[in-house]
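Notes to accompany the following structure.
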Amino acid sequence: MLFPLLGDVRVAGEDLEEKTAALLSDGDQVTIEGKEKRAKVLFLSGSPLKEEIAWGGPVVMNTREELQQAFKELEEGTFIK
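At the far end of the sequence shown sits residue 81, using UniProt numbering, and the numbering has no gaps.
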């Protein structure tokens, strides 16, 4: 995944505007060009988890039940120990 934090960029010949995420396909390389002098890009890469994902704002768990429990713990101040 690629996310231009500052400035527009060109990714594999395609324009990508600032603060617009792009999901890249599998491959060994990608060409990223800054269209502006001070472009800054966040580049994330990793192996798929192959697990269920339940996402709510800043919290990611495996099930909706776990997500609800996490938010309950956040409210109670016991989420991070």
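Backbone N, C-alpha and C define an ideal beta-carbon position, used for all residues, glycine too. All figures in this text were calculated on a predicted structure; none of them were measured in a lab.
Strictly by DSSP, which residues pair up with Met61? Your numbering for residue 61 matches position 61 in the sequence shown. Ala54, per the DSSP bridge assignment.
Measuring CB atoms only, is the region 2-10 touching the region 18-26, in the sense that at least three cross pairs come out at less than 8 Å? A contact is defined here as three or more CB-CB pairs under 8 Å, and the region 2-10 meets this definition with respect to the region 18-26.
Can you give me the Cβ contacts of Asn62 inside the same chain, cut-off strictly under 8 Å, excluding the 5 residues immediately before and after it? The residue labelled residue 62 in the question sits at position 62 within the sequence shown. Around Asn62: Glu51, Glu52, Ile53 and Ala54.
Alpha carbon of Asp26 to alpha carbon of Gln69, nearest angstrom: The residue given as residue 26 occupies position 26 in the sequence shown. The residue given as residue 69 occupies position 69 in the sequence shown. Roughly 35 Å separates the two Cα atoms.
Grab me the residues of residue 134's own chain with a C-beta within less than 7 Å of its C-beta, minus the 5 sequence neighbours each way, in chain order. No answer is possible for residue 134: it lies beyond the span of the chain, which begins at 1 and ends at 81.
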